[in-house]
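Scroll down for the structure; my scribbles are underneath it.
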Amino acid sequence: MRRRFRRVLIPVGSAAAAALVWLVVATGAAGQAPPAGRFPPYKAPRLAGHADLNGVWQAFVTANWNIQDHEAQSGPHPEIMGAYGADPPGQSVVEGGEIPYQPWALAKRKENFEKRMMVDVTDDKRWHDLGDPELKCYMPGVPRATYMPFPFQIVQGSGDYVLIAYEFTSTTRIIRMNWKADAPADSWMGWSRGRWDGDTLVVDVTDLREQTWFDRAGDFHSDALHVVERYTPVSPYHMIYEATIEDPKVFTRPWKISFPLYRRMEQNAQLLEFKCVPFTEELLFGRLRKQPK
Amino acid sequence: MSRRFVSAAAAALVAAVLSFPARADQAGKAPSRTAAWSVPHTPWGDPDLQGVWNDATSTPLARPGGLSDKPVLTDEEAAEFQRDLAYNLTRDRRDGGPQVDVNRAYNEHWMDARRLTITSDHRTSLIVDPPDGHIPALVPLSPERQRARAARADAAARFAAGLPDSHEELSLPVRCLIRTDSPPYLPTIYNNDFQIFQSPGYVAIAPEMIHSARIIPLNGRPHIGPTLHQWLGDSRGRWDGTTLVVETKNFRTDEGVIFQDADPATFRITERFTRVDARTIRYEFTVEDPHTWTRPWTAMIPWTRIDPDEQMYEYACHEDNYDIVHLLQGARIREKNGETVPKRNRER
Numbered sequence: 034m035r036r037r038f039r040r041v042l043i044p045v046g047s048a049a050a051a052a053l054v055w056l057v058v059a060t061g062a063a064g065q066a067p068p069a070g071r072f073p074p075y076k077a078p079r080l081a082g083h084a085d086l087n088g089v090w091q092a093f094v095t096a097n098w099n100i101q102d103h104e105a106q107s108g109p110h111p112e113i114m115g116a117y118g119a120d121p122p123g124q125s126v127v128e129g130g131e132i133p134y135q136p137w138a139l140a141k142r143k144e145n146f147e148k149r150m151m152v153d154v155t156d157d158k159r160w161h162d163l164g165d166p167e168l169k170c171y172m173p174g175v176p177r178a179t180y181m182p183f184p185f186q187i188v189q190g191s192g193d194y195v196l197i198a199y200e201f202t203s204t205t206r207i208i209r210m211n212w213k214a215d216a217p218a219d220s221w222m223g224w225s226r227g228r229w230d231g232d233t234l235v236v237d238v239t240d241l242r243e244q245t246w247f248d249r250a251g252d253f254h255s256d257a258l259h260v261v262e263r264y265t266p267v268s269p270y271h272m273i274y275e276a277t278i279e280d281p282k283v284f285t286r287p288w289k290i291s292f293p294l295y296r297r298m299e300q301n302a303q304l305l306e307f308k309c310v311p312f313t314e315e316l317l318f319g320r321l322r323k324q325p326k
Numbered sequence: 015m016s017r018r019f020v021s022a023a024a025a026a027l028v029a030a031v032l033s034f035p036a037r038a039d040q041a042g043k044a045p046s047r048t049a050a051w052s053v054p055h056t057p058w059g060d061p062d063l064q065g066v067w068n069d070a071t072s073t074p075l076a077r078p079g080g081l082s083d084k085p086v087l088t089d090e091e092a093a094e095f096q097r098d099l100a101y102n103l104t105r106d107r108r109d110g111g112p113q114v115d116v117n118r119a120y121n122e123h124w125m126d127a128r129r130l131t132i133t134s135d136h137r138t139s140l141i142v143d144p145p146d147g148h149i150p151a152l153v154p155l156s157p158e159r160q161r162a163r164a165a166r167a168d169a170a171a172r173f174a175a176g177l178p179d180s181h182e183e184l185s186l187p188v189r190c191l192i193r194t195d196s197p198p199y200l201p202t203i204y205n206n207d208f209q210i211f212q213s214p215g216y217v218a219i220a221p222e223m224i225h226s227a228r229i230i231p232l233n234g235r236p237h238i239g240p241t242l243h244q245w246l247g248d249s250r251g252r253w254d255g256t257t258l259v260v261e262t263k264n265f266r267t268d269e270g271v272i273f274q275d276a277d278p279a280t281f282r283i284t285e286r287f288t289r290v291d292a293r294t295i296r297y298e299f300t301v302e303d304p305h306t307w308t309r310p311w312t313a314m315i316p317w318t319r320i321d322p323d324e325q326m327y328e329y330a331c332h333e334d335n336y337d338i339v340h341l342l343q344g345a346r347i348r349e350k351n352g353e354t355v356p357k358r359n360r361e362r
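Residue numbers (my numbering), protein chains in the order written: chain U, 34 to 326; chain Y, 15 to 362.
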């Protein structure tokens, strides 16, 4: 018995050893892959004197479902949606794991989540009270636009402006470089003023509409939200995205999220249209349809 | 040229403005080149179109009746033409009684003041070809397209009577689906701003309404696949000297999506953007569709640089579209009260 075992094990062991040798040779020849999350020192190519961040980028995190730790779970209406509607699992993109909510705000977050698919537009004054703005195809705000499961494109030239165009609801935001003037009004995508810190594009975002959420889990903020984003190129194909989030009305202290952005490498990579208004009209306005007599 | 002279055209124009997207008019300008000025280039060598531009004008798309043989006006004629157009476009007029006043809907401060000025070259139409300044004659529509248009006309009549059946009967701008972001770009009553961004290999054009941008590759890559359709189509660009030439196809096939109800299957549009002086881009578009017009036609509209003094701001539409609810709630109440679409509307 024992001898027979040995006979079987020897060839298996040889195959494993050969594979190991092949692996060492292969990775040694190509340069060792760095540990996850670490990048060797990198200097981005230049454009008009600054790091060139042009490209189609996408985050591959599940933060749009929940920016904190979340297990896989059944989605709404599993009786018709099955696995299509289920939420993917994911780890928190929040530094330290948890959002430092003020105690009252946790109840509000829970209520947001429970009512995330409820909609009532029959009263102008309560138009924005219910439901996840994403469900209604509203512009997602910052930072949420960055980690929705859609690509976005940076168009950076030589002028005072950088455009970021997002596939989701085909929205855009203009980053005004070294800009002094304040926002004339609140807006869904906020008022973005940029500057360079070495190769890092730093964007100060203020005057965001208070109705945007961070995710489908009901994570929210007030009209006092202030976001400072940092886009740091770390390889030809990656940037690290960091956002510091400050809102003294809702959180006990500023907090930070971070994750990598990946360059879309398809030869034909381009943003397509996701103009989602038509996908929401029946939800929002269907009850005002003429009823058959 | 009396006020009466342009009043019929102006009335049509006002109707067009009210029935958004107002294909109103724009100031065309073929500015004189100054000897010192030449087209600036980006650091990577492309002609530089970056900036915020405005295309408002009162010059009508098609030439008003009576001016068919008058493509360009003298200074004196131009002054009167502009005065008449401005008078008819003004919303703060108090003639016509309270109902007309209410129907003018907005106070003047909403409007782009630049839309009260004709093009500086004193043209009588934005259309430059055909030479008579008119949209070419229509070809007979196929029975399917006739039926689709009739259905849309019925829906428009219900809308005009305040009795739309549902959101689907409202126009694309009212639904906040597309406004001035779909080519060709024509002046309208407000938000006539466009911001152009450039990077190596791309030009991006962001019209103020509605917060979307056309990102145009310049590297000769093929269009997206023929089964992919988009509200704004799919654009590809190239430089012809210092002119940006953009061709757009892959438009959605919904009836009424395309400019002037052309047939998406055969509609072709070519746009040309040329900087002609420090403050001006000459924007030209040529459209053709053998299923709609008897010949291609071309319009030319000047874009005036307005930044850094003026900026473009976010245009949210769907996010606070209270109107759509009010319109539908009103329709259901009218129904309950027994109101019906007037016959004259139905016959239109």
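The beta-carbon is built from N, C-alpha and C at its ideal position, and this holds for glycine as well.
The Cβ-Cβ distance between Asp179(Y) and Ser226(Y) does not fall below 8 Å. Between Ile272(Y) and Leu140(Y), the CB-CB gap reaches or exceeds 8 Å.
Excluding five sequence positions before and after Ala220(Y), the CB atoms of its chain that fall closer than 6 Å to its own CB belong to Gln209 and Ala227, given in chain order. Chain U has a Cβ within less than 8 Å of the Cβ of Ile229(Y). Interface flag for Phe211(Y) against chain U is set, since a Cβ pair is found closer than 8 Å. Note that the C-beta distance between Tyr274(U) and Phe292(U) is below 8 Å. Pairing Trp90(U) with Asn351(Y), the inter-Cα distance amounts to about 54 Å. Here Trp137(U) carries a helix assignment [DSSP, helix/strand/coil]. Close to chain Y, meaning a Cβ-Cβ distance shorter than 9 Å, are the following residues of the stretch 177-204 of chain U: Gln186, Ile187, Val188, Gln189, Gly190, Ser191, Gly192, Asp193, Tyr194, Val195, Leu196, Ala198, Thr202, Ser203 and Thr204.
Around Leu241(U), no beta-carbon contact reaches into chain Y at under 8 Å, the shortest distance being about 11 Å. Pro176(U) is not a Cβ neighbour of Pro166(U), given a cutoff of 8 Å. In terms of CA proximity to Ala218(U), Arg242(U) leads the group Asn87(U), Gln101(U), Arg242(U) and Leu139(U). With its beta carbon at least 8 Å from every one in chain U, Ala169(Y) lies outside the interface.
At a cut-off of 8 Å between beta-carbon atoms, Leu258(Y) makes no contact with chain U.
Under the three-state reduction of DSSP, Ala70(Y) is assigned to coil, being neither helix nor strand. If you draw a straight line from the Cα of Ala50(Y) to the Cα of Arg319(Y), it comes to about 19 Å.
Comparing alpha carbon positions, the residue from Leu305(U), Met181(U), Pro121(U) and Ala178(U) closest to Asp248(Y) is Leu305(U). The alpha-carbon separation between Leu342(Y) and Leu246(Y) amounts to approximately 27 Å. Sequence-ordered contacts of the stretch 334-360 of chain Y with chain U read Asp334, Tyr336, Ile338, Val339, Leu342, Gln343, Ala345, Arg346 and Glu349 [C-beta pairs closer than 8 Å].
Phe247(U) sits in coil when the DSSP states are folded into three classes, being neither helix nor strand.
Counting C-beta pairs with one atom in each stretch, the stretch 143-152 of chain U and the stretch 247-254 of chain U have three or more that are closer than 8 Å, which means they touch. Closest in alpha carbon position to Asp256(U), among Glu262(U), Pro266(U), Ile278(U) and Ser268(U), is Ile278(U). Residue-level contact check: Asp157(U) touches chain Y, since one or more beta carbons of chain Y fall below 8 Å from its beta carbon.
Of the residues Asn102(Y), Ala70(Y), Pro85(Y) and Val116(Y), the one whose Cα lies closest to the Cα of His136(Y) is Pro85(Y). Taking 8 Å as the cut-off, the beta carbon of Met223(Y) is found no closer than this to the beta carbon of Ile207(U). The beta carbon of Met150(U) sits closer than 8 Å to the beta carbons of Pro109, Gly164, Asp165 and Leu168 from its chain, once the five residues preceding and following it are set aside; these are given in chain order. Taking Asn205(Y) as reference, the option from Arg172(Y), Asp62(Y), Trp67(Y) and Gly344(Y) with the minimal CA-CA separation is Trp67(Y).
Scanning its chain for C-beta atoms nearer than 8 Å, with the 5 sequence neighbours on each side dropped, one finds around Asn97(U) the residues Glu167, Arg177, Tyr180, Met181, Pro182, Asp248 and Arg249, in chain order.
Taking one beta carbon from each stretch, the stretch 122-138 of chain U and the stretch 306-322 of chain U have fewer than 3 pairs nearer than 8 Å; the two do not touch.
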